[in-house]
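Below: the structure, in structure tokens.
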Amino acid sequence: MDAESTPEALRAALGWRDSLAQQVTEDEVAARWVPARVCRVQARRCRVWRTDGPSGQPPVEQNLAVALFGEAGLPAVGDWVLVDPEAVARPRRLECFSVLTRRAPGSRVADQVLAANVDTLLVVTACNQEFSVGRIERYLALAAGAGDTTEPIRSVVVLTKSDLTDDVQDYVEQTRALGEGMQRSLRIEVMDARDPQQVARLTDLCGPGQTVAALGSSGVGKSTLINAISDAQQKTGAVRGDDNKGKHTTTSRSLHRLRAGGVVVDLPGIRELQLAADGGGLDVAFAEAAEVALQCRFRNCGHNGEPGCAVAAALADGTLDAQRWERYRKLRDEQAAYDLQKARRGRGRRR
-6 MDAESTPEAL
4 RAALGWRDSL
14 AQQVTEDEVA
24 ARWVPARVCR
34 VQARRCRVWR
44 TDGPSGQPPV
54 EQNLAVALFG
64 EAGLPAVGDW
74 VLVDPEAVAR
84 PRRLECFSVL
94 TRRAPGSRVA
104 DQVLAANVDT
114 LLVVTACNQE
124 FSVGRIERYL
134 ALAAGAGDTT
144 EPIRSVVVLT
154 KSDLTDDVQD
164 YVEQTRALGE
174 GMQRSLRIEV
184 MDARDPQQVA
194 RLTDLCGPGQ
204 TVAALGSSGV
214 GKSTLINAIS
224 DAQQKTGAVR
234 GDDNKGKHTT
244 TSRSLHRLRA
254 GGVVVDLPGI
264 RELQLAADGG
274 GLDVAFAEAA
284 EVALQCRFRN
294 CGHNGEPGCA
304 VAAALADGTL
314 DAQRWERYRK
324 LRDEQAAYDL
334 QKARRGRGRR
344 R
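As structure tokens, this is what we get:
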């Protein structure tokens, strides 16, 4: 990969854009504060790529301690920060145009940022027992609620390990049905991630200035895919012979340079994905279900067969798929319960 010819070109390739540049104050410009992108996060520090190195050279890496960010806490992979070249003032994190956020694993009532400033989410799943319609729906809802109206995140479902099944079309059709429910076209790519020609179909998403995130369960071939499109050298696990599953290999969040010029966020395999506070993503991922629910006669309809319930009518005549409705209702109830927990926790802290 050829290094960018100037610091400005390098900065642009790493994802710098007008919405970020507009946040830099005149004083910071005059003091030549340096934009840097977070490329790795650890317990008490993060590593950033600075964009003020010699022309034609790769980004300079620097470690920043969590204590430098004060109450704001440690930034996430993909965040942009401004660094004082004199190392006197604390670095400042810039506001993101998109944030992939889930509920923190376990029993904690807290959000966990997976990645920031993402343009495209690759939802990676395999054509084997790991394939789950419900899991893909969660990923699509996560992405739909992560961006804003001016810079929404694109979602692309990548079906890997296509060489291990004789019925690829069945996986494609099940996935395509999710796009129809979203009432929008859903891009689907089917591939053996070890084949460079097949992986090359993702090149248009990976050019300079683009940030891609890859998300999926452990063992679906995500690390193999990341290695194929980037300079990452993630370890890949051998496929188990009894169920065609791979092994969990990625252990931390990290940013890597894409061969096509952009960057990719590699995330550990997700064992548990619960949606964070409602950002509208659920109603986008289940657009047809949300639209039917709005047609009910009463605003507070419980959708349990009440008179005038549009959902009950749609389920009865087959307009609305019963299984998909149940998954939507489960996620909606899960999200509402989490929102209530957060509200109660907030009231308790104010006392």
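In our numbering, the protein residues as written are -6 to 344.
Cβ atoms here follow ideal geometry from the backbone N, Cα and C, with glycine treated the same way.
Pop quiz: Asp45 and Pro84 are said to be a contact at Cβ under 8 Å. What is the actual Cβ separation, rounded to whole angstroms? Asp45 to Pro84, Cβ: 13 Å. No contact.
For Leu157, tell me which candidate among Gly174, Ala134, Asp185 has the shortest Cα-Cα distance. Asp185
Whole-angstrom C-beta distance between Arg43 and Gln55, which should lie under 8 Å: 6 Å
Should Ile219 and Asp259 be called a contact, given that it needs their Cβ atoms to be closer than 7 Å? yes
Terminal residues of the continuous beta strand (DSSP E) containing Gly48? Per the sequence shown, the amino acid found at residue 48 is Ser instead of Gly. First-last for Ser48: undefined, no H or E at that position.
Measure the beta-carbon distance from Val367 to Gly214 and round it to whole angstroms, keeping in mind my assumption that it falls under 8 Å. Residue 367 lies beyond the stretch modelled for the chain, which goes from -6 to 344, so this question has no answer here.
Own chain residues within Cβ distance below 6 Å of Ala309, not counting five before or after: none
What is the DSSP secondary structure of Ala137, counted as helix, strand or coil? helix
Under 8 Å: do the stretch 194 to 206 and the stretch 306 to 324 share three or more Cβ pairs, one atom per stretch? no
For Tyr321, which residues in the same chain have their Cβ closer than 6 Å to its Cβ, ignoring the five residues on either side in sequence? Phe279, Ala282
Tell me whether the beta-carbon of Cys302 lies closer than 7 Å to the beta-carbon of Leu251. no
Quick check on Gly209: does DSSP put it in helix, strand or coil? strand
In this structure, does DSSP put Met(-6) in helix, strand or coil? Annotation note: pLDDT 49 at Met(-6) (below 50); position unreliable, no value reported.
Looking at the secondary structure, which residues open and close the beta strand (DSSP E) in which Val183 lies? 180 to 183
On a Cα-Cα basis, can you pick out the residue from Tyr164, Leu107, Glu79, Pro51 that is closest to Pro68? Leu107
Since Arg338 sits in a beta bridge, which residues does DSSP pair it with? Its beta-bridge partners do not exist; DSSP assigns none.
What number of angstroms, rounded off, separates the C-alpha of Asp126 from the C-alpha of Arg10? Correcting the residue identity first, residue 126 is Val in this sequence and not Asp. Rounded to whole angstroms, Val126 to Arg10 spans 35 Å at the Cα level.
When you compare the stretch 85 to 92 with the stretch 163 to 179, are there three or more beta-carbon pairs, one atom per stretch, that lie closer than 8 Å? no
Where does the unbroken beta strand (DSSP E) through Ser216 begin, and where does it stop? Here Ser216 belongs to no beta strand (DSSP E); instead the alpha helix (DSSP H) covers 215 to 222.
Which value, in whole angstroms, describes the spacing of the CA atoms of Gly262 and Arg246? 10 Å
Would you check if the distance between the CB atom of Asp72 and the CB atom of Trp26 is smaller than 7 Å? no
Which residue or residues does DSSP assign as beta-bridge partners of Glu357? The chain is shown from -6 up to 344; residue 357 falls before or after that span and cannot be answered.
Sort out for me which residues DSSP pairs Arg54 with in a bridge. A small correction: the amino acid at residue 54 is Glu; Arg does not occupy that position in the sequence shown. Paired residues: Trp42.
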